[in-house]
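The sequence shown begins at 121 in this note's numbering and counts up by one.
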Amino acid sequence: MTTNNGTAPYPVGLRRPELAGVLTRSRGSFEDILERSELIVELIGGIEPARDYVLRAMRAGRHVVTANKQLLSQCGDELWQAAHEANVQLRFEAAVAGVVPVVRVLQESLAGAHVERIHGIVNGTTNFILTEMARTGMSYQEALAQAQRLGYAEADPSDDVNGKDAAAKMAILARLAFGVPVRLEHVRYEGIEHITPDDLAYARELGLGLKLIGTAERIDDGLSVRVHPAFLYAGHPLASVAGPFNAVTVESGAITEVTMSGPGAGGPQTATAVLGDVISAMIPPPSVAVTVEPLNLVEDVESAFYLHMEVVDRPGVLAQIAQLLGIQGASIKSVVQRGLGDQARLVMVLHPLLESRLFAACELIGALEVVRSPPRAIRVIEEEFV
Ligand SMILES: NC(=O)c1ccc[n+]([C@@H]2O[C@H](COP(=O)([O-])OP(=O)(O)OC[C@H]3O[C@@H](n4cnc5c(N)ncnc54)[C@H](OP(=O)(O)O)[C@@H]3O)[C@@H](O)[C@H]2O)c1
């Protein structure tokens, strides 16, 4: 991009961007474009050659705008360092939650807030699938096929449905919110492939809705960043985010919570976010984010849980299970039991406990002779803000 003195719609005093050249696999020369540009927009995706081009552009003193979450979440240290050393801007609003301005809000508007926690629905494909499963009762496979027909899922949806795409975005948000060098490899993630229509139907009875939630939170002196399916009560701001929309909730003592939502992908939406970054780069910059604090990851975190299991329908079974839960310090908040001939389906919500203790309890319960299918555990987020 080069710039000229502009006319509307660019504010008075700002310059108007002009295209210096386009590089694809079959046309254009990176060196020519670099020579004639003040700013480079990288929309290739993946690691190489995007990494090489972005680093060369910044080291040559060019600002960079990118939508590349893979690159930022895996090579962020190197990229921010290069931007810092060359005193250029690295902008990436479209890399997380599409046109929803969460990056800018964390970097600028909430720079003075001591962020405690971020929850995000940052993958539109999985949110669409879960919304359709809950709305129609269709299976995961049917909802995925529908998402592919409507263009909300790619032909190979693996990184969306297994949680990896959301994990990359949460690594970027965690770095911004907490100023620590979080990379994709630090984020534990789990997808939605194992979710059944039953889970959604029972959850509805318990007043819960299911989302694929990314979480980044301070725990004591450490940080936990993770992505997994989680149930939400209706009062949580993310509970009503439906279809392919994205949303991010930022929590801090000073601000209670701020939620931003909107389209998380799509051509015009992503292009709008990219162009916004280009225009912002022409304005004198906010300080370049350089991470200074060491990273202290917390592996074992507390959560409430939903448990779903098939058991023999005979007296004393619930008591046996409750006893094993009790040994691990788990207490039951609500239970739904449904008879299925000589078996029963037991669905319960537990009060918060450490994940390690819940998984230990599940192993003990799974080994009981009266348990026909081992418990399936899904986290429940308990906060409601209304
Ligand atoms: N699509 C969205 O809704 C969306 C939303 C948010 C973020 N993003 C991010 O935006 C980036 C691009 O996504 P996309 O969906 O637009 O991908 P895409 O449709 O595959 O487009 C990629 C472009 O990069 C070019 N390219 C690929 N390899 C290249 C190489 N080695 N040298 C030069 N050019 C190369 C391709 O050229 P050819 O035309 O010659 O193949 C194509 O024009 C990714 O980082 C993605 O994560 C996309």
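The beta carbon of each residue, even a glycine, is placed where N, CA and C say it ideally should be.
Item                                                                                                                                                                                         : Value
Verify whether the separation of the beta carbon atoms of LEU478 and ALA497 is less than 8 angstroms.                                                                                        : yes
Return helix, strand or coil for ILE153, following the three-state DSSP convention.                                                                                                          : helix
Taking C-alpha atoms, which residue in ASP462, ARG492, ILE292 lies nearest to SER193?                                                                                                        : ILE292
Would the beta-carbon of ILE160 be found less than 7 angstroms away from any heavy atom of ligand 1?                                                                                         : no
Could you name the residues of the same chain whose beta carbon sits closer than 6 angstroms to that of VAL490, not counting the 5 residues immediately before and after it, in chain order? : VAL431, VAL432, VAL437
If you follow the alpha helix (DSSP H) that GLU337 is part of, which residue opens it and which one closes it?                                                                               : Segment 328–339 is the beta strand (DSSP E) holding GLU337; no alpha helix (DSSP H) there.
Is THR245 helix, strand or coil by DSSP?                                                                                                                                                     : helix
To which residues of the same chain is ALA203 closer than 8 angstroms at the C-beta, ignoring the five residues directly before and after it?                                                : MET178, VAL184, GLN209, LEU210, VAL408
Looking at the unbroken alpha helix (DSSP H) that takes in LEU484, where does it start and where does it end?                                                                                : 475–486
Quick one: what does DSSP say PRO388 is sitting in, helix, strand or coil?                                                                                                                   : helix
Go ahead and label GLU504 buried or exposed: buried means 16 or more other beta carbons lie within 10 angstroms of its beta carbon, across all protein chains shown.                         : exposed
Using a Cβ-based criterion (distance less than 7 angstroms to any ligand heavy atom), does THR316 qualify as near ligand 1?                                                                  : no
What do you reckon, is the C-beta of ASN207 under 7 angstroms from a heavy atom of ligand 1?                                                                                                 : no
I'd like the span of the alpha helix (DSSP H) that includes GLN194, first residue to last.                                                                                                   : 189–206
Given THR256, which residues of its chain have a CB within under 7 angstroms of its CB, disregarding the five upstream and five downstream residues?                                         : none
Can you tell which of LEU417, PRO414, GLN463 has its C-alpha closest to the C-alpha of MET429?                                                                                               : GLN463
Would you tell me roughly how many angstroms separate the C-alpha atoms of ALA362 and ASN247, rounded to the nearest one?                                                                    : 7 angstroms
With a threshold of 6 angstroms on Cβ separation, who are the neighbours of ILE238 within its own chain once the five nearest residues in sequence on each side are excluded?                : LEU293, ALA297, ALA336, VAL370
Ligand 1 heavy atoms versus the CB of ARG145: any closer than 7 angstroms?                                                                                                                   : yes
Exposed or buried, what is ASP319 when buried is set at 16 or more other beta-carbons lying within 10 Å of its beta-carbon?                                                                  : buried
Judging by CA-CA distance, which residue of ALA487, LEU474, ARG303, ILE333 is the nearest neighbour of ASN416?                                                                               : ARG303
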